[in-house]
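These notes are about the structure you will find just below.
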Amino acid sequence: MIIDDSRAMRMILRRIMAAAGFEATEAGDGHEALSSLEIATDVPDIALIDWNMPNMNGLEFVKAIRPVQRYSHMTLMMVTSEGEQAQIVRALAAGAHEYLVKPFTPEAILQKLQLLGLTSVGARS
Amino acid sequence: MTGTAELPSSEDICALVGEVWSSFLGEDSLPVRLQSLPAATAGPVDDEVRSTVGITGAWNGELTLITTSAAVAVVARAVFGDPSVQLAHAELADVVGELGNIIAGNIKSVLAGPSALLLPSVVFGALPGEQATDRRADTVMSWDEHPVIVSLNTRHPMTEDDA
Chain F
1 MIIDDSRAMR MILRRIMAAA GFEATEAGDG HEALSSLEIA TDVPDIALID
51 WNMPNMNGLE FVKAIRPVQR YSHMTLMMVT SEGEQAQIVR ALAAGAHEYL
101 VKPFTPEAIL QKLQLLGLTS VGARS
Chain U
126 MTGTAELPSS EDICALVGEV WSSFLGEDSL PVRLQSLPAA TAGPVDDEVR
176 STVGITGAWN GELTLITTSA AVAVVARAVF GDPSVQLAHA ELADVVGELG
226 NIIAGNIKSV LAGPSALLLP SVVFGALPGE QATDRRADTV MSWDEHPVIV
276 SLNTRHPMTE DDA
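Just so you know, the protein sequences line up as chains F and U, in that order.
Per the working numbering: the first sequence = residues 1 to 125.
Per the working numbering: the second sequence = residues 126 to 288.
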């Protein structure tokens, strides 16, 4: 699942994920992502999460989703322009598994997926 | 400016903008730094679009990215994948807003912290009443014959005397 308020960024990430064999759903903010997850039959394996979004930001989304058993297997990766060290620490402390600062290359995303063991073709995102 | 961190150099900002452009376009045609503002862009231009992103906290101010709608349309068409598609203002605003957001986020990380990044605001066309002499440009670049201008404006925090 790709959660970013920028449609352009969702498109860029979707293209990278598709090239790696992932099928991605999208949400424009944390609230939309939560609503979408609540009605989803299959919980995604990974969420790529922007930080600065209206309604519910990425950190709030991570905090909301982390304690929920149904989503416990989801890998949460922040993909954000927030590169401040203190913010990275906050996100990881809140339950994010990985952190990638924009701008990124497709290779950087794929490397993170590989580190997380999520490179198999046909895996869901 | 509060805190002691220095503002990034024009060279650093140009390198960052190049990385951002590359992440959207995936090509080597990147903005080139110019020594000064070309006369044609010293003041507001008809086709200009600006993305402004506020930073609040230990450093207070805003980053402004100014370019042209035509330049943003080139980037947007590359992202959305259809060179013939008619782009709405919303799509152009989305692209230039995200470009400004990424540049601002990276610059924030080298300024005095902690601070927060605000959501970008996008304006098409010149600001009402803006004069050529009003324009502040910290980093001036050219990309595909379009101006790409990045400005960092410091806002002093309110003091008791301001209240």
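Glycine is no exception: its CB is placed at the ideal position from the N, C-alpha and C atoms.
This structure is a prediction, so every number in the text was calculated from the model and none was measured.
Are there 16 or more other CB atoms within 10 angstroms of the CB of residue 271(U), so buried, or fewer, so exposed?
The residue in question, residue 271(U), is buried, as its Cβ has 16 or more Cβ neighbours within 10 Å.
So who's on the other strand from residue 157(U), going by DSSP bridges?
Beta-bridge pairing links residue 157(U) to 267(U).
Output yes if chain U places a C-beta closer than 9 Å to the C-beta of residue 62(F); else output no.
It does not: the Cβ of residue 62(F) has no partner Cβ on chain U nearer than 9 Å.
By the 9 Å beta-carbon criterion, what residues does the region 198-214 of chain U contribute toward chain F?
So the list reads 200, 201, 204, 205 and 206, given in the order they occur along the chain.
If you drop the 5 nearest sequence neighbours on each side, which residues of the same chain put their C-beta closer than 7 Å to that of residue 118(F)?
Once the five neighbours on either side are set aside, the close Cβ partners of residue 118(F) are 45, 46 and 75.
DSSP three-state label for residue 24(F), please.
Three-state DSSP puts residue 24(F) in coil, outside helix and strand.
Chain U beta carbons: is any one of them nearer than 9 Å to that of residue 112(F)?
Residue 112(F) does not count as touching chain U.
Mind listing which residues of the region 137-153 of chain U have their C-beta closer than 9 Å to chain F's C-betas, in chain order?
Answer set for the region 137-153 of chain U: 141, 144, 145, 146, 147, 148, 149 and 151.
Under 9 Å Cβ-Cβ, which residues of chain F neighbour residue 244(U)?
Result: 5, 52, 53 and 54.
Roughly how many angstroms lie between the CA atoms of residue 243(U) and residue 114(F), to the nearest whole one?
If I take the Cα positions, the gap works out to 32 Å.
With respect to the beta strand (DSSP E) encompassing residue 77(F), which residues constitute its N-terminal and C-terminal limits?
Run containing residue 77(F): 75-80, per the beta strand (DSSP E) assignment.
Are three or more beta carbon pairs between the region 216-226 of chain U and the region 183-197 of chain U nearer than 8 Å?
These segments touch.
Cβ closer than 8 Å: which chain U residues qualify as neighbours of residue 11(F)?
Going along chain U in sequence order, the residues near residue 11(F) (Cβ under 8 Å) are 204, 205 and 206.
Are the beta-carbon atoms of residue 30(F) and residue 10(F) separated by less than 9 Å?
Taking 9 Å as the Cβ cut-off, residue 30(F) and residue 10(F) do not qualify as a contacting pair.
Helix, strand or coil for residue 206(U), going by three-state DSSP, please let me know.
The answer is coil: DSSP assigns residue 206(U) none of H, G, I, E or B.
Could you check what DSSP says for residue 47(F) in three-state terms: helix, strand or coil?
In this structure, residue 47(F) counts as strand in the three-state DSSP scheme.
Pull up the distance between the alpha-carbon of residue 23(F) and that of residue 17(F), whole angstroms please.
Distance between the alpha carbons of residue 23(F) and residue 17(F): 7 Å.
Would you verify that the beta carbon of residue 36(F) is, or is not, closer than 9 Å to some beta carbon of chain U?
So no, residue 36(F) is outside the interface.
What are the residues in the region 65-76 of chain F lying within 8 Å of chain U by C-beta distance?
The region 65-76 of chain F vs chain U, Cβ under 8 Å: nothing.
Counting C-beta neighbours from all protein chains within 10 Å, is the total for residue 264(U) 16 or more, i.e. buried, or is it exposed?
Result: buried.
Can you tell me the Cβ-Cβ gap for residue 2(F) and residue 34(F), rounded? I've got them flagged as a contact below 8 Å.
Not confirmed; about 14 Å, so no contact.
Starting from residue 145(U), trace the alpha helix (DSSP H) in both directions and tell me its first and last residue.
From DSSP, the alpha helix (DSSP H) with residue 145(U) extends over 135-150.
From this set, 249(U), 234(U) and 207(U), which residue's C-alpha is nearest residue 173(U)'s C-alpha?
Minimum Cα distance to residue 173(U) is reached at 249(U).
So, helix, strand or coil for residue 220(U), using DSSP?
Three-state result, residue 220(U): helix.
So, is the C-beta of residue 83(F) closer than 9 Å to a C-beta in chain U?
Judged by the 9 Å Cβ criterion, residue 83(F) is in contact with chain U.
So is residue 225(U) buried or exposed if we call it buried at 16+ other beta carbons inside 10 Å?
Buried: at least 16 other Cβ atoms inside 10 Å.
By Cβ distance, which residues of its chain are closer than 7 Å to residue 258(U), with the 5 residues on each side in sequence left out?
Bear in mind that the predicted position of residue 258(U) carries a pLDDT of just 49, short of 50, making it too unreliable to give a figure here.
Taking the alpha-carbon positions, what's the residue 196(U) to residue 133(U) distance?
Computed Cα separation, rounded: 25 Å.
In terms of residue numbering, what span does the alpha helix (DSSP H) encompassing residue 116(F) cover?
First-last for residue 116(F): undefined, no H or E at that position.
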